[in-house]
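First comes the structure, then the notes that go with it.
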Amino acid sequence: MKKLAILLLVVLVPIGLVYGQGLGLETIKLNIGDKKIAVTTQIIPTEFSESAQKQIVMTVTDSITTKNIDAVLLVSMNHDGKEIFKEYFATTNGVLRMDVSPTSDSRIKITGLQEKTYNAWHSGSKPLEISGPILDSGGLYRFDVEIKSLDSQPVTKQ
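Laid out in structure tokens, this is it:
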């Protein structure tokens, strides 16, 4: 009887709350002209934790050759039906990395360089830094991505 009481006590006492963001990784594939492109968006870490270092990574790849492709992307991020940001970003060697610092500030602040054609944010070899009310709670985050150029060539239809 003692063993049963201890077992029930262990089962009935919650250890803590757990939040998740789903898988934290999504790949979409599309045809642009004669190219087959994959755009992968990843939130790191895949589970929500207030203390963990957060990063958003986007990769643009040629699905046939599996090589990364430089691109300019118009990215909007939404959470709970609210747009968090909508900005132009340029990849470096097909990869865009953003170190995320959630803050209580109501504005999004991006630190990095901006290229001239689209005024797109880029950072070269190190990640962009983005802060504000971003990845500050668990739940589903939706990214809308529009490709504006591939390998310095404008994209008109997607």
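Counting in our numbering, the sequence shown runs from 854 upward without gaps. C-beta: ideal position from N, C-alpha, C; glycine also. As the structure is a prediction and not an experimental result, all values here were calculated from the model.
Residues near residue i by beta carbon distance below 6 Å, same chain, minus five either side
i    : result
D997 : S929
I881 : V892
T964 : E982
R950 : V910, P980
V952 : In the sequence on display, residue 952 carries Asp and not Val. Excluding sequence neighbours, D952 sits near Q908, P980, E982.
E879 : T894
C-alpha distance - residue i paired with residue j, whole-angstrom precision
i     : j     : result
T912  : G947  : 6 Å
T914  : I896  : 18 Å
K920  : K889  : 11 Å
S995  : P1007 : Sequence check: residue 995 is Arg here, not Ser. Taking the straight line from one Cα to the other gives about 25 Å.
T899  : L988  : 11 Å
G991  : D1004 : 35 Å
S978  : A905  : 22 Å
D887  : D923  : 16 Å
S984  : E903  : 14 Å
I917  : T945  : 20 Å
T1059 : K939  : Beyond the ends of the chain as shown, which are 854 and 1011, falls residue 1059; an answer cannot be given.
L883  : G934  : 25 Å
L966  : A973  : 8 Å
Neighbourhood of residue i by C-beta, 7 Å cutoff - its chain only, sequence neighbours within 5 removed
i    : result
E968 : A943, H975
Y971 : V925, Y941, K1001
H845 : The first residue shown for the chain is 854 and the last is 1011, placing residue 845 beyond what the model contains.
P867 : Low per-residue confidence applies at P867: pLDDT is 38, beneath 50, and the placement is therefore not dependable enough to give any value.
Cβ-based neighbour list, residue i, same chain, cut-off 8 Å, excluding 5 preceding and 5 following
i    : result
G986 : For clarity, residue 986 is Pro in the given sequence; the question names Gly instead. Result list for P986: I937, P955, T956, S957, D958, S959, I961, in chain order.
Q874 : With a pLDDT of only 40 at Q874, under the threshold of 50, the placement of this residue in the model should not be trusted, and no figure is reported.
G877 : Q895, I896, I897, P898, T899, E900
CB-CB length for residue i against residue j, believed under 8 Å
i    : j     : result
I885 : I1000 : 7 Å
Within the region 911-996, note down every full alpha helix (DSSP H) run reaching 4 residues or more, in order along the chain.
-> As far as the region 911-996 is concerned, it has no whole alpha helix (DSSP H) run of at least 4 residues.
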